[in-house]
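Asks: Heads up: the sequence shown begins at 50 in the working numbering, then just goes up one per residue.
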Amino acid sequence: MTLLGAGASDWAGHLPAAAAGPSTLFETVPCYMCGSADREHFISAQDDLGGTPGTFRFVKCSRCGLAYQNPRVALEHISAYYDDHYIAHRKKRDWGVLTPLFERAMNKLDVEKDAIVSRYVSLGRDSQVLDVGCAVGTFLARLQDRYGVQATGVDFKDLTFAPSLRNVDFRCGLFYDAGLDDAAFDLVTMWHFLEHDYDPLRSLATARRVLKRDGLLVIEVPRLDSRTFKWFGDRWPGLQAPQHTVLFDRDSLLRAVRKSGLEVVEYLPYGAFPAYFYLFTGTAFRILNGRGLDLNRAIVPYFLGQLLTLPAMLFERRLNLAMQTVVCRRTG
Ligand SMILES: [Zn+2]
50 MTLLGAGASD
60 WAGHLPAAAA
70 GPSTLFETVP
80 CYMCGSADRE
90 HFISAQDDLG
100 GTPGTFRFVK
110 CSRCGLAYQN
120 PRVALEHISA
130 YYDDHYIAHR
140 KKRDWGVLTP
150 LFERAMNKLD
160 VEKDAIVSRY
170 VSLGRDSQVL
180 DVGCAVGTFL
190 ARLQDRYGVQ
200 ATGVDFKDLT
210 FAPSLRNVDF
220 RCGLFYDAGL
230 DDAAFDLVTM
240 WHFLEHDYDP
250 LRSLATARRV
260 LKRDGLLVIE
270 VPRLDSRTFK
280 WFGDRWPGLQ
290 APQHTVLFDR
300 DSLLRAVRKS
310 GLEVVEYLPY
320 GAFPAYFYLF
330 TGTAFRILNG
340 RGLDLNRAIV
350 PYFLGQLLTL
360 PAMLFERRLN
370 LAMQTVVCRR
380 TG
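1. Considering only the alpha carbon of each residue, which of F329, Y316, H293 and R257 lies closest to T380?
2. As a quick check of your reading: which residues have a C-beta less than 5 Å from at least one non-hydrogen atom of ligand 1, in chain order?
3. Using the beta-carbon count (16 or more within 10 Å), is S167 buried or exposed?
4. Counting only runs that start and end within the region 199-261, where is the alpha helix (DSSP H) found for 4 or more residues in a row?
5. Sort T209, D231 and A232 by Cα distance to G222 and report the nearest one.
6. Helix, strand or coil for V170? Go by DSSP, reduced to three states.
7. With the cut-off set at 9 Å, would you say R378 and L311 are in Cβ contact?
8. DSSP three-state call for L179: helix, strand or coil?
9. For P286, which residues in the same chain have their Cβ closer than 6 Å to its Cβ, ignoring the five residues on either side in sequence?
10. What residue range does the alpha helix (DSSP H) around A116 cover?
11. Note down the Cα distance separating L260 from D231, rounded to an integer number of angstroms.
12. With a CB to CB cut of under 6 Å and the five nearest residues on each side skipped, what residues in its chain are close to G202?
13. Measuring straight from C-alpha to C-alpha, what distance separates L356 and V178?
14. So the candidates are S301, I336 and R251; which of them puts its Cα closest to the Cα of Y270?
15. According to DSSP, R335 sits in a beta bridge with which residue or residues?
16. Identify every run of the beta strand (DSSP E) within the region 296-378, keeping only runs that are complete inside it and at least 3 residues long; order them along the chain.
17. Examine the Cβ distances between the region 267-281 and the region 93-109 and report whether three or more of them are shorter than 8 Å.
18. If you count every other CB in all the chains shown that lies within 10 Å of the CB of H90, and 16 or more means buried, which is it?
19. How about L250 and K308: are their beta carbons less than 9 Å apart?
20. When you compare the CB positions of D175 and Q193, do they come within less than 9 Å of one another, or not?
21. Quick one: grab the DSSP three-state call for G54.
22. Taking just the CA atoms, how far does Y196 sit from S72?
23. Does R276 come out as helix, strand or coil in the three-state DSSP assignment?
24. Does the distance from the C-beta atom of F297 to that of R272 stay below 9 Å?
25. Following the continuous beta strand (DSSP E) through A94, name the residue where it begins and the one where it ends.
26. Please classify R121: is it buried, with 16 or more other beta-carbons within 10 angstroms of its beta-carbon, or exposed?
27. Please determine, among H293, S85 and R335, the residue with the shortest C-alpha to C-alpha distance to R105.
28. Using DSSP with H/G/I as helix, E/B as strand and the rest coil, what is D97?
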């Protein structure tokens, strides 16, 4: 997550009743990109994952076209939507007999993240790596095991119980308040962080500040101008209301990066996160119609469907299904 830190996976379970609240939980925000208050309605969404009642609204900025949630759930209330069922925050071994399959899937996600970053940076014992929205920290633990890197993680939620964070310099709170030194990191990663962020440009500026001169920033977010959005519309899993504050398409993601003093090294029309997840949950959300997805019941059909769609998923990187990744560095 993100500002909030959804790193490991973007999947919430059922939410506590307290999360469903009156409209005073909401606040109106101007455009994150250009500050304009002019906007038009874009799409309404429900909490398709958690099933919490309510409709959440996304608008499009009339000036720059950025799609964002407005009004949004106020920051002091959003943590209720990231409860212990949130998949990225789940402790290991609570999936019963399906634990091995689940762990394999989570491990594969970290393998894919590692594969992406390893194409652009050579990691070693001297490498300083920061994962923003690190969740339970399995990606950082993998980099420590394989390359011996020095790892720092930030997450909105206190996840210090997680064994994989044992050797990580973990900072709980907002990224821009984490007290990180200037020019400290060779690699900064944001796996499904920025679309949850309450101030994405400030986070990008912070990432730029903490990067070494030749350091790299890797950002993965859902892609609004993707096939799965066309197919699923207001049930598109990438809306993930109310946790997702911003919906980036290719253009707005690249603009945000450049506006923050970063230059694009490469843009990828896919991510480490499996597009199949969006195919499965998008289909389920259409059927469930806002009733929420029971993760424990969905997990068997999930793995069966994955087996069936395996041949098609071999071409996932060419199909612009759901994700996007941008690799960038400091300008100048
Ligand atoms: Zn704007």
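All residues carry an ideal CB built from backbone N, CA and C; glycine is no exception.
Fair warning: this is a prediction, and the values are worked out from it, not measured in the lab.
Replies: A quick look at the data gives this:
1. Residue 380 sits at position 331 when you count from the first residue of the sequence shown. The option with the nearest alpha carbon to T380 is R257.
2. C80, M82, C83, S85, C110, R112, C113 and L115
3. Indexing the sequence shown from 1 puts residue 167 at position 118. Exposed.
4. 249-259
5. What you label residue 222 is simply residue 173 of the sequence shown in a count that begins at 1. When only C-alpha atoms are compared, the closest one is T209.
6. As a working note, residue 170 is residue 121 in the sequence shown. Three-state DSSP puts V170 in coil, outside helix and strand.
7. Working through the sequence shown from its first residue, we reach residue 378 at position 329. Working through the sequence shown from its first residue, we reach residue 311 at position 262. Yes, Cβ-Cβ distance for R378 and L311 is below 9 Å.
8. Stepping through the sequence shown from its first residue, residue 179 is reached at position 130. DSSP places L179 in strand when its eight states are reduced to three.
9. Counting from one through the sequence shown, the residue named residue 286 turns up at place 237. The residues are Y327, T330 and G331.
10. For the purposes of this step, residue 116 is taken as the residue at position 67 of the sequence shown. That residue, A116, is in no alpha helix (DSSP H); its beta strand (DSSP E) goes A116 to Q118.
11. Looking up residue 260 in the sequence shown gives position 211. Looking up residue 231 in the sequence shown gives position 182. Approximately 7 Å, taken between the alpha carbons.
12. Here residue 202 corresponds to residue number 153 of the sequence shown, with the count starting at 1. The answer, listed in chain order, is D180, C183, G186, L189, V217 and F219.
13. In the sequence shown, residue 356 corresponds to position 307, counting from 1. In the sequence shown, residue 178 corresponds to position 129, counting from 1. The alpha-carbon atoms of L356 and V178 are separated by roughly 34 Å.
14. Taking the sequence shown and counting its residues from 1, the one referred to as residue 270 is at position 221. It should be noted that the sequence gives Val, not Tyr, for residue 270. If you compare the alpha carbons of S301, I336 and R251 with that of V270, the shortest gap goes to S301.
15. Translated into positions along the sequence shown, residue 335 becomes position 286. Answer is none; R335 lacks a bridge partner.
16. With a minimum length of 3 residues, the continuous beta strand (DSSP E) runs that stay inside the region 296-378 are 311-317.
17. no
18. On the sequence shown, residue 90 is found 41 positions in, with the first residue counted as 1. Counting Cβ neighbours within 10 Å, H90 comes out exposed, since fewer than 16 surround it.
19. Indexing the sequence shown from 1 puts residue 250 at position 201. Indexing the sequence shown from 1 puts residue 308 at position 259. In this structure, K308 lies closer than 9 Å to L250 by Cβ.
20. Counting from 1 along the sequence shown, the entry for residue 175 is found at position 126. Counting from 1 along the sequence shown, the entry for residue 193 is found at position 144. Not closer than 9 Å, so no.
21. Here the question's residue 54 lines up with position 5 in the sequence shown. For G54, the predicted model reports a pLDDT of 34, less than 50, meaning its position is unreliable; a value from the coordinates is still stated below. It is coil, neither helix nor strand.
22. Within the sequence shown, residue 72 is the residue found at index 23, counting from 1. Within the sequence shown, residue 196 is the residue found at index 147, counting from 1. Confidence at S72 is low in this model, with a pLDDT of 46, below 50, so the placement of that residue is unreliable and no value is reported for it.
23. The sequence position of residue 276 within the sequence shown is 227, counting from 1. Reduced to three states, the DSSP call for R276 is helix.
24. In the sequence shown, counting from the first residue as 1, residue 297 sits at position 248. In the sequence shown, counting from the first residue as 1, residue 272 sits at position 223. Going by C-beta atoms, F297 is nearer than 9 Å to R272.
25. To locate residue 94, count along the sequence shown from 1; it is residue 45. That run of the beta strand (DSSP E) goes R88 to A94.
26. Numbered from 1 along the sequence shown, position 72 holds the residue referred to as residue 121. The residue is buried, with at least 16 neighbouring Cβ atoms inside 10 Å.
27. Mapped onto the sequence shown, residue 105 falls at position 56. Checking the sequence shown, residue 105 turns out to be Phe, not Arg. That would be H293, whose Cα lies nearest to the Cα of F105.
28. Start at 1 with the first residue of the sequence shown, and residue 97 comes out as number 48. Of the three classes helix, strand and coil, the one that applies to D97 here is coil, per DSSP.
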